[in-house]
Each structure stands twice: as C-alpha cells, then as structure tokens.
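**Q**
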Amino acid sequence: MATKAQLEAELAELKSQLAASDAKPAPKPAPEPESEPEHGDEQSAFAALLKEHGVDTQDIDALWAQFSSELSDLPEKKPLLTAVAAFGLGFALGRMSKS
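Residue 333 is where the sequence shown starts when you use the numbering used here, and the numbers rise one by one after that.
1. Roughly how many whole angstroms lie between the Cα atoms of Ala341 and Ala355?
2. Secondary structure at Pro369, three-state DSSP: helix, strand or coil?
3. Would you say Leu382 and Asp388 are within 8 Å of each other, going by their C-beta atoms?
4. If you draw a straight line from the C-alpha of Arg427 to the C-alpha of Leu421, how long is it?
5. Using the C-alpha atoms, what's the distance from Pro411 back to Ala418?
6. Once DSSP output is grouped into helix, strand and coil, what is the label at Glu428?
Here it is in structure tokens:
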C-alpha cells in the first residue's frame, strides 16, 4: 500500500505534467472551406471526416484485420456457437424466402 507521502509526491508530479501540457496548446488546423465533394474525391472526403473525429484510416484497417482474424478463428475456438449461428441464420433466411 502506498503511503500518504508517496501519493502526494505522485499527485504533485501529475499536476506539474498537466500544467506543462496546458502551457503548450496544440495548434489547431485552419478550418477548410465547406464544399460539395466531387464524385472522385469521396474517398478523401471520407478520410478527412474520419480524421476530423480522431479516427485514422490505419485504425480502420487494423480493426478490420482484427475483426476478420477473430471471425476466421471462431469455428475453431467456439464450434457450438458457430453451429447455432449457422442454423439460426439459415432458419431466418428460409423463413424470409417463403413469403
């Protein structure tokens, strides 16, 4: 268990780090003029929108790679869940195709 003196020292260090980060504000980029994206420019407009919200295209690629690897490992790791999901999906599609 940490002592009171250790906690106070850590708190003082964190406060000094916070003050240092507040002293150097990050420069904000100039706002881009609003315009309708062209048909060929939609991908870059989407990338700019993601960047505006703090999401990078590399993050999306990494998440997609992780999702696809987890999905490909699902039948090996959880075969019963895969079988139930396949049955449920087949049943739902079969019921929808009857109408």
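Even for Gly, the Cβ is constructed at its ideal location relative to N, Cα and C.
**A** With the given structure in hand:
1. Here the alpha carbon of Ala341 sits roughly 21 Å from the alpha carbon of Ala355.
2. Residue placement at Pro369 is poorly supported in this model, since its pLDDT is 46, which falls under 50; the coordinates still yield a value, given next. Looking at Pro369 - three-state DSSP - the assignment turns out to be coil, as it is neither helix nor strand.
3. Cβ distance < 8 Å, so Leu382 and Asp388 count as in contact.
4. So the two alpha carbons sit approximately 10 Å from each other.
5. Between Ala418 and Pro411, the C-alpha separation is close to 10 Å.
6. First, the residue type needs correcting, since residue 428 is Met and not Glu in the sequence shown. Look at Met428 here: in three-state DSSP terms it is helix.
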